[in-house]
Amino acid sequence: MKITFTLLVFIFSINLFGQTRYEIIVTMNEYSENKGNISYNINFTEEKLNPALIKLQSLTCKGGDEQLFDYFLEMILDTTGSANEVPADVLAEIFICRTELVENRLNGKYKNDFLNELLKFGFKNITSHNKIANQSELEKRINKLQK
186 MKITFTLLVF IFSINLFGQT RYEIIVTMNE YSENKGNISY NINFTEEKLN PALIKLQSLT
246 CKGGDEQLFD YFLEMILDTT GSANEVPADV LAEIFICRTE LVENRLNGKY KNDFLNELLK
306 FGFKNITSHN KIANQSELEK RINKLQK
């Protein structure tokens, strides 16, 4: 998974720097609206959605764009059942860099078992390849969300 994620970042790096906040929102909305269209989603996911989500991660971690993060959570809820693992990994990466933001959302407006499980899954993906300094503390905080 790490190699795939790294490859995605490398391949689409040109797109990442050119995407605006508005373009990311449009991309997520387009993905939500076309859920279930398999041929559309495969190409769209690889070429547009995943690069937009990686950019969203960067913007949320660096600038704290909480409204953009809310749009991301809404897109996830609108598209449950997707086989794409990038949203889970992005959610986990945002949890690592902005723990309180994610906790506040998942304990409040976006309290949802699916989001909690997705966070747990993404966190395992990320930490299975890269150990992080405060990993055990973050794992405890994730488990606290699960209750």
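So the sequence shown is numbered by our numbering: it starts at 186 and just counts up by one.
Positions of the beta carbon are idealized from the N, C-alpha and C atoms, including for glycine.
Is it right to say residue i is buried, meaning 16 or more other beta carbons lie within 10 angstroms of its own, or is it exposed?
i	result
E363	Nothing about residue 363 can be reported from this structure: the residues present for the chain run from 186 to 332 only.
Q242	buried
I227	exposed
I317	exposed
Just to confirm my understanding: we take residue i, look at its own chain, exclude 5 residues before and 5 after, and list those with CB closer than 6 Å. What are they?
i	result
F257	L241
I261	P272
L323	none
K220	T264
Could you say which of the options lies nearest to residue i if we only look at CA atoms?
i	options	result
T264	Q320, C282, L234 and R206	L234
I209	L253, F299 and G248	L253
K325	S267, E231, E288 and N228	E288
N214	I223, E231 and A237	A237
L303	V275, E251 and C246	V275
I327	Q204, G307 and N269	G307
E231	F280, E270 and L300	E270
Between which residues of its own chain and residue i is the CB-CB distance below 8 Å, once the five residues before and five after are set aside?
i	result
N297	L262 and L291
L244	R206, I209, D250 and L253
Handout entry: Within the segment 212-262, ranges of the alpha helix (DSSP H) (whole runs, at least 4 residues)
Key = Listed in chain order, the complete alpha helix (DSSP H) runs (minimum 4 residues) inside the segment 212-262 are 223-229 and 235-248.
Practice task
Jot down the residue ranges of each uninterrupted beta strand (DSSP E) in the segment 270-321, minimum 3 residues, whole runs only, in chain order.
Solution key: If we require 3 residues or more, the segment 270-321 turns out to have no beta strand (DSSP E) run fully inside it.
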